[in-house]
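Written out below as structure tokens is the structure these notes cover.
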Amino acid sequence: MDFLPFTRPSIDEATIAAVGDVLRSGWISTGPKCREFEEALSARYAGRPVRLAVSATAALEFALRIAGIGPGDEVITTPMTWAASANVILAVGARPVFVDVDPVTRNIDLDRVEAAIGPATRAILPVDLAGLPVDRDRLYAIARQHGLRVIEDAAQSIGAKWRGREIGLDGDLISFSFHANKNLTTIEGGCLVLRDLQEARLFEKLRLQGVTRSPDGEMDVDLLGYKANLTDVAAAVGLIQLGQLEHFNARRAALARRYFDRIDPSLGLALPPRAFEGEHAAQSNWHMFQPLLPLARMTIGRPAFIEAMKAQDIGIGVHYPALHRFTLYRGLGWKEGDFPVAEAIGRSTVTLPLFPTMRDADVDRVADALAHVLSPALRDTRAA
Numbered sequence: 020m021d022f023l024p025f026t027r028p029s030i031d032e033a034t035i036a037a038v039g040d041v042l043r044s045g046w047i048s049t050g051p052k053c054r055e056f057e058e059a060l061s062a063r064y065a066g067r068p069v070r071l072a073v074s075a076t077a078a079l080e081f082a083l084r085i086a087g088i089g090p091g092d093e094v095i096t097t098p099m100t101w102a103a104s105a106n107v108i109l110a111v112g113a114r115p116v117f118v119d120v121d122p123v124t125r126n127i128d129l130d131r132v133e134a135a136i137g138p139a140t141r142a143i144l145p146v147d148l149a150g151l152p153v154d155r156d157r158l159y160a161i162a163r164q165h166g167l168r169v170i171e172d173a174a175q176s177i178g179a180k181w182r183g184r185e186i187g188l189d190g191d192l193i194s195f196s197f198h199a200n201k202n203l204t205t206i207e208g209g210c211l212v213l214r215d216l217q218e219a220r221l222f223e224k225l226r227l228q229g230v231t232r233s234p235d236g237e238m239d240v241d242l243l244g245y246k247a248n249l250t251d252v253a254a255a256v257g258l259i260q261l262g263q264l265e266h267f268n269a270r271r272a273a274l275a276r277r278y279f280d281r282i283d284p285s286l287g288l289a290l291p292p293r294a295f296e297g298e299h300a301a302q303s304n305w306h307m308f309q310p311l312l313p314l315a316r317m318t319i320g321r322p323a324f325i326e327a328m329k330a331q332d333i334g335i336g337v338h339y340p341a342l343h344r345f346t347l348y349r350g351l352g353w354k355e356g357d358f359p360v361a362e363a364i365g366r367s368t369v370t371l372p373l374f375p376t377m378r379d380a381d382v383d384r385v386a387d388a389l390a391h392v393l394s395p396a397l398r399d400t401r402a403a
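Quick note: the sequence shown uses the numbering used here, first residue 20, plus one each step.
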């Protein structure tokens, strides 16, 4: 039986041909394909300027710099995310302020955000974990009340919706990731949706050494920039992926529905929030399907569970350990017990296979493997 990974990019022959065309063109770095991709993304987001970068991490950092965030400032964010979400805050000289997560959505707990706002707070950086949007209404109400910028880490939520509006159509600064495991990939890459052309021009300087060129061939550098431009090879992949995004996300939603139908409730797995089209204000793009293991009932730990699933030829991911427990952030003063909800989720989360080319039978295979591995590993917790 073939090994089933937890994710696999969908690259078709048209994409391979498009990359070949770029390679043959002789223009393989930033050029006409990047402009075409930016224009296509801008059209998707109602004409808002969109600028590409080599990664969503770079786009997030540039968003902080565009918002004027720097030394002495604080940015509120979540500990339940990939390290990049907080690393970029440190990179601009600011301090991340973590807020625990909601146990149901696993996103930042907006009930706790206001208590974390202090005199040095300049922005909120929420994360749409696994593609489930944070409550945008409450988020922006809090931001407006306190005069804060919002830098949306929407790395995982391209195509997801809040109250029927696609993420990116509204809001302040919104970053999407096009990493190889995302719903839309350029292999590596990302973008930022900006508010106006002035911010877009600043982004352009930040991503390429702070350079401004004039029509007469002169140039100037008036700020510290970086080397973070996307290539036309990557943009060629992204253009075709963008045309397939609705299909990809619809297939992911169908696979998620099948997981809900096929996973045996008696196994005690805490399944992710079930927010399907038309049922909730938040509509996930099902970037990942992440149940929580019932560790208190299990005779084996998560590492043994992952190995047992691997023996069944099924790959399992872990997204994510609670960020404040990493050495870098412990060194800044955070410790075990500071954010108990995020810590509990981080200890027990597993990511099941989910990608558009999966078959229904693959979901059934995962569900059967879960029963095979977990059933004998569950303690009987009934009263004697």
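No residue lacks a Cβ here, since even glycine has one placed at the ideal position from N, Cα and C.
Put simply, the backbone Cα of residue 259 is about 24 Å away from that of residue 222. The continuous alpha helix (DSSP H) containing residue 269 extends over residues 251 to 281. Of the other Cβ atoms in all chains shown, 16 or more fall within 10 Å of the Cβ of residue 176; this residue is therefore buried. Taking each of 70, 99, 48 in turn and checking the Cα distance to residue 362, the smallest one comes out for 99. Here residue 326 is exposed, its C-beta having fewer than 16 other C-beta atoms within 10 Å.
Of all alpha-carbon atoms in 220, 214, 216, 173, the one lying nearest the alpha-carbon of residue 197 is that of 173. Across the set 382, 269, 244, 110, the C-alpha of 382 shows the shortest separation from the C-alpha of residue 333. Annotation for residue 346: the continuous alpha helix (DSSP H) segment containing it runs 346 to 349. Residue burial annotation: residue 285 is exposed, with fewer than 16 other C-beta atoms found within 10 angstroms of its C-beta. Measuring C-alpha to C-alpha distances from residue 366 to each of 388, 310, 379 identifies 310 as the nearest. Residue 52 sits in a helix when the DSSP states are folded into three classes.
A residue is called buried when at least 16 other Cβ atoms come within 10 angstroms of its Cβ; residue 165 does not meet this threshold and is exposed.
Residue 142 and residue 86 do touch by the CB rule: their CB atoms are close to 6 Å apart, below 8 Å. A residue is called buried when at least 16 other Cβ atoms come within 10 angstroms of its Cβ; residue 57 meets this threshold and is buried. Residues of the same chain with a CB within less than 7 Å of the CB of residue 34, apart from the 5 flanking positions on each side, are 256, 259 in chain order. Close CB contacts of residue 180 within its chain, under the 6 Å cut and outside five residues either way in sequence, are with 302 (chain order). With a cut-off of 8 Å on Cβ pairs, the region 73 to 83 is not in contact with the region 40 to 54, counting fewer than three such pairs. In the structure shown, residue 224 adopts helical secondary structure according to DSSP, grouped into three states. Here residue 61 carries a helix assignment [DSSP, helix/strand/coil].
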